[in-house]
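Quick note: the sequence shown uses my numbering, first residue 89, plus one each step. Don't be surprised by glycine CBs; every beta carbon is placed ideally from N, CA and C. The structure presented is a predicted model; accordingly, all values stated were derived computationally and were not measured. Working notes, structure below.
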Amino acid sequence: MPFATGFFLVAPNYRGTEEYARIASQLRELGFEIYETDNPAYLIFYVEAPDVKSLERVIKTGETIEGVAKAFVVWGFLADDDARRELEEMLERGEISLSDEARKYFEDLLRSL
Numbered sequence: 089m090p091f092a093t094g095f096f097l098v099a100p101n102y103r104g105t106e107e108y109a110r111i112a113s114q115l116r117e118l119g120f121e122i123y124e125t126d127n128p129a130y131l132i133f134y135v136e137a138p139d140v141k142s143l144e145r146v147i148k149t150g151e152t153i154e155g156v157a158k159a160f161v162v163w164g165f166l167a168d169d170d171a172r173r174e175l176e177e178m179l180e181r182g183e184i185s186l187s188d189e190a191r192k193y194f195e196d197l198l199r200s201l
């Protein structure tokens with residue numbers, strides 16, 4: 089099943105307010121798993137959808153919520169096992185690698201969970 093993970097950037101005037109909780113709640117109603125951090129500028133998300141088009145649609149819908157500035161997809165899987173295996177093999181062979189910034193992001197995300 090296609091999925092995506094990333095974060096929603098919260099507009100500055102909505103950070104640290106009651107509206108922040110409303111934004112998180114509305115995203116959950118759309119089907120997002122939301123992980124709040126100590127930084128009110130971001131709402132980390134994970135979402136699944138039956139197909140790629142639906143995945144794109146739900147993320148774009150999340151961006152329309154008042155107080156959401158932008159959605160950033162950090163990682164996704166489009167249900168293509170061959171492509172996933174090929175990427176994993178390329179990582180193992182050292183042909184591609186995660187940037188230090190991406191690696192740090194995932195480490196911080198895992199620590200916060």
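Go ahead and label residue i buried or exposed: buried means 16 or more other beta carbons lie within 10 angstroms of its beta carbon, across all protein chains shown.
{"i": "F120", "result": "buried"}
{"i": "L143", "result": "buried"}
{"i": "L131", "result": "buried"}
{"i": "G104", "result": "exposed"}
Cutting at 8 Å between CB atoms, please list the residues of its own chain near residue i, excluding the five before and the five after it.
{"i": "R145", "result": "A137"}
{"i": "T149", "result": "L118"}
{"i": "E183", "result": "none"}
{"i": "P128", "result": "V98, R103, G104 and Y108"}
Going by C-alpha distance, which of the options is nearest residue i?
{"i": "F160", "options": "I147, D170, T152 and I111", "result": "I147"}
{"i": "P100", "options": "E183, T93, R199 and K158", "result": "K158"}
Sorted by chain position, which residues of the same chain lie with C-beta nearer than 6 Å to residue i's C-beta, five sequence neighbours on each side aside?
{"i": "R116", "result": "I122"}
{"i": "G164", "result": "A92"}
Using a Cβ-Cβ cutoff of less than 7 Å, which residues in the same chain neighbour residue i once the five nearest sequence positions on both sides are dropped?
{"i": "E124", "result": "A112 and L131"}
List in chain order: all unbroken beta strand (DSSP E) runs of 3+ residues lying wholly within the region 94-146. Taken in chain order, the complete beta strand (DSSP E) segments of 3 residues or longer contained in the region 94-146 are 121-124 and 130-136.
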